[in-house]
Amino acid sequence: MSAGPLHTLPEDIFRTVFEKSPGSLLVKADAPRFTILAASDTYLAVTATTRDAILGRGFSEVFPENATIDDNIKAQHIFKKVVETGRKIDIPSYRYDMFDPDTYTYEEHHWSCSNVPIIGTDGKIAYILNTVVDITKEVKAREEAIEIANRLRLANEATGLATWDLDLVDQTFEYSPRMAEIFGHNADEVLSLAAFRSQITADDMDNIIKPSFRQAILTGEYLYEVKITCPDTSVRWIKTQGVIIFDASHKPIRMLGTVLDITESKRDEIRKNDFIAMASHELKTPLTSLKAYIQLLEKKITKGGDPFINNALVKAGNQVNKMADLVYGFLDLSRLESGKLQVKIQPFDINELITEIITETLLVSYHHQIVFNPGKTIIINADRERIGQVVSNFLSNAIKYSPKESTITVSSGVFDNNVQVSVSDTGIGIRYKDQEKLFQRFYRVENENIKTISGFGIGLYLASEIIQRHKGKIWVESKEGQGSTFSFSLPL
Ligand code: ADP
50 MSAGPLHTLP
60 EDIFRTVFEK
70 SPGSLLVKAD
80 APRFTILAAS
90 DTYLAVTATT
100 RDAILGRGFS
110 EVFPENATID
120 DNIKAQHIFK
130 KVVETGRKID
140 IPSYRYDMFD
150 PDTYTYEEHH
160 WSCSNVPIIG
170 TDGKIAYILN
180 TVVDITKEVK
190 AREEAIEIAN
200 RLRLANEATG
210 LATWDLDLVD
220 QTFEYSPRMA
230 EIFGHNADEV
240 LSLAAFRSQI
250 TADDMDNIIK
260 PSFRQAILTG
270 EYLYEVKITC
280 PDTSVRWIKT
290 QGVIIFDASH
300 KPIRMLGTVL
310 DITESKRDEI
320 RKNDFIAMAS
330 HELKTPLTSL
340 KAYIQLLEKK
350 ITKGGDPFIN
360 NALVKAGNQV
370 NKMADLVYGF
380 LDLSRLESGK
390 LQVKIQPFDI
400 NELITEIITE
410 TLLVSYHHQI
420 VFNPGKTIII
430 NADRERIGQV
440 VSNFLSNAIK
450 YSPKESTITV
460 SSGVFDNNVQ
470 VSVSDTGIGI
480 RYKDQEKLFQ
490 RFYRVENENI
500 KTISGFGIGL
510 YLASEIIQRH
520 KGKIWVESKE
530 GQGSTFSFSL
540 PL
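Using the numbering used here, read the sequence shown as starting at 50 and increasing by one per residue.
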């Protein structure tokens, strides 16, 4: 069974449909009066009027023009134009404030309207259908978004921060004009990501940017400091900070962040580093001769056999060694910060190296047992001296932070094509919240028990930098009061 023809529908149905439609008003094309013939419920609601109050009356009689509205978009004007041109006229957005009888004030409102001509039986325009939608909320939201963007821009300009946004899927790169300025270009210059990157050295790309990106994929946060060479050949330092956005399958799809010019503070840091480098270098020479004299004296005295002098010399020797370690630590730190810490890769047996370091350590610390569980012979390609330094740092920490006469266990082995070395102690252990910070520069755990233990918090920082330069990993497992295991692994 099919529905009957349209003309069999009761006439009232059209009126009902019209009255239920959103924001519609039908006026007669009898300019300049424009008599109101029908209005929908929503139209009456938004204009706060009733059907009885407006039907049969002229449009401007009922809706006097509002001062906030521009002449060109006044309803009278638009209606006239629709009649003249016979065309539909849309006004996508205009302001028409509504009178609130409760507060006796006008309330800001924004509207979007469409005016459609309707042809009568004589072929002339007989009516105009005026449809109005209240878009105040949308306009306010848009204004708010613009306001937020402006505030962000002002804050960025005030702090000198540049912002950038990289689409990792199609590699589109957007940046604020400040970014071009920081890189030594005109603010309005159009530059590609490759152009920005070309101002960073290949070494820094490999040693700073790529590892930071790898880290960011794991943590979601991107942070590095790097030097750039500007077109006028001057060198500047920048700090980039950002976040990675992942899709539902954890694929990185977008990165966004900021760039700050830190050249000034970096210069201060460089001056401080240069000072440390110079001071430690100057201290190195007298320390080396002091050490040599003590060794000479030790040799001579043992023959004479005065136990007090003998003992005093051994203690003096140990103190000189401690001082030398600190001085060498500072020297390494300044080399590292100025990018001059080089690694010399050569093949060597890691177990042999560990045995050597244990022997050296036992020469100066006789209150601990050190047990070594070597895996099978492992030849690795790395900087022998630097890896020895890492093992030595693990061992001296294990000694420093565990009770006398306790045992320290060193082990080596191969896991998943990586050589792994671990040093375990049964000492004071480290709280979980401190563990991830241990590898930061100058970080020392704040603890009453270890206040008296000397150190500057640079050993583990250097160790982690050395391991990173070998593309390895360094970590700690520990429980407070139960001991710690420090490990590193290097790819084979
Ligand atoms: P330093 O020992 O010279 O302060 P490190 O960088 O070698 O510097 O160590 C940083 C901090 O890590 C130490 O101050 C200490 O708080 C903690 N730490 C390192 N090794 C151990 C360990 N084996 N047991 C407990 N705490 C440790």
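In this text, a Cβ means the ideal position worked out from N, Cα and C, and glycines have one as well.
Bridge partners for residue i per DSSP, in chain order?
i, result
"residue 456", "418"
"residue 522", "538"
"residue 462", "469"
"residue 431", "395"
"residue 156", "147"
"residue 285", "277"
"residue 139", "163"
Under DSSP, the beta strand (DSSP E) around residue i begins and ends at which residues?
i, result
"residue 159", "159-168"
"residue 305", "301-310"
"residue 74", "73-77"
"residue 87", "85-88"
"residue 218", "Counting along the chain, residue 218 falls outside any beta strand (DSSP E), and DSSP gives it neither H nor E."
"residue 175", "174-183"
May I ask which residues mark the beginning and end of the alpha helix (DSSP H) holding residue i?
i, result
"residue 508", "508-518"
"residue 372", "356-386"
"residue 128", "124-134"
"residue 405", "399-413"
"residue 101", "100-103"
"residue 266", "259-268"
"residue 231", "226-231"
"residue 65", "61-69"
"residue 481", "481-484"
Cβ of residue i within 7 Å of any heavy atom in the ligand NAP?
i, result
"residue 509", "Absence of the ligand NAP is noted for the structure shown, with the ligand ADP being the only ligands found."
When you compare the CB positions of residue i and residue j, do they come within less than 8 Å of one another, or not?
i, j, result
"residue 90", "residue 110", "no"
"residue 439", "residue 515", "yes"
"residue 269", "residue 290", "no"
"residue 457", "residue 525", "no"
"residue 419", "residue 410", "yes"
"residue 408", "residue 472", "no"
"residue 75", "residue 155", "no"
"residue 303", "residue 381", "no"
"residue 476", "residue 452", "yes"
"residue 538", "residue 467", "yes"
"residue 233", "residue 283", "yes"
"residue 455", "residue 474", "yes"
"residue 226", "residue 237", "yes"
"residue 398", "residue 350", "no"
"residue 158", "residue 144", "yes"
Measuring straight from C-alpha to C-alpha, what distance separates residue i and residue j?
i, j, result
"residue 459", "residue 521", "18 Å"
"residue 249", "residue 230", "16 Å"
"residue 64", "residue 73", "12 Å"
"residue 331", "residue 390", "19 Å"
"residue 509", "residue 517", "12 Å"
"residue 186", "residue 122", "21 Å"
"residue 378", "residue 511", "8 Å"
"residue 129", "residue 146", "22 Å"
"residue 92", "residue 294", "45 Å"
"residue 462", "residue 424", "5 Å"
"residue 167", "residue 178", "7 Å"
"residue 272", "residue 241", "21 Å"
"residue 87", "residue 184", "22 Å"
"residue 317", "residue 441", "32 Å"
"residue 396", "residue 540", "13 Å"
"residue 301", "residue 193", "29 Å"
"residue 503", "residue 218", "51 Å"
"residue 285", "residue 247", "14 Å"
"residue 532", "residue 484", "13 Å"
"residue 170", "residue 61", "20 Å"
"residue 142", "residue 487", "59 Å"
"residue 470", "residue 374", "22 Å"
"residue 367", "residue 252", "39 Å"
"residue 103", "residue 196", "39 Å"
Identify, in the order they occur along the chain, each residue of the same chain with its Cβ nearer than 8 Å to the Cβ of residue i, setting aside the five sequence neighbours on each side.
i, result
"residue 434", "393"
"residue 387", "319, 322, 323 and 326"
"residue 4", "Outside the shown range of the chain (50 to 541) lies residue 4, about which nothing can therefore be said."
"residue 369", "336, 339, 340 and 343"
"residue 174", "78, 131, 132, 135, 166, 167 and 168"
"residue 59", "none"
"residue 84", "76, 77, 105, 106, 107 and 108"
Note down, in chain order, each residue of its chain lying with its Cβ closer than 6 Å to the Cβ of residue i, except the 5 sequence neighbours on either side.
i, result
"residue 210", "307 and 309"
"residue 224", "213"
"residue 430", "394 and 396"
"residue 311", "286 and 288"
Excluding the 5 residues preceding and the 5 following residue i in the sequence, name in chain order all residues of the same chain whose CB lies nearer than 7 Å to its CB.
i, result
"residue 257", "273 and 275"
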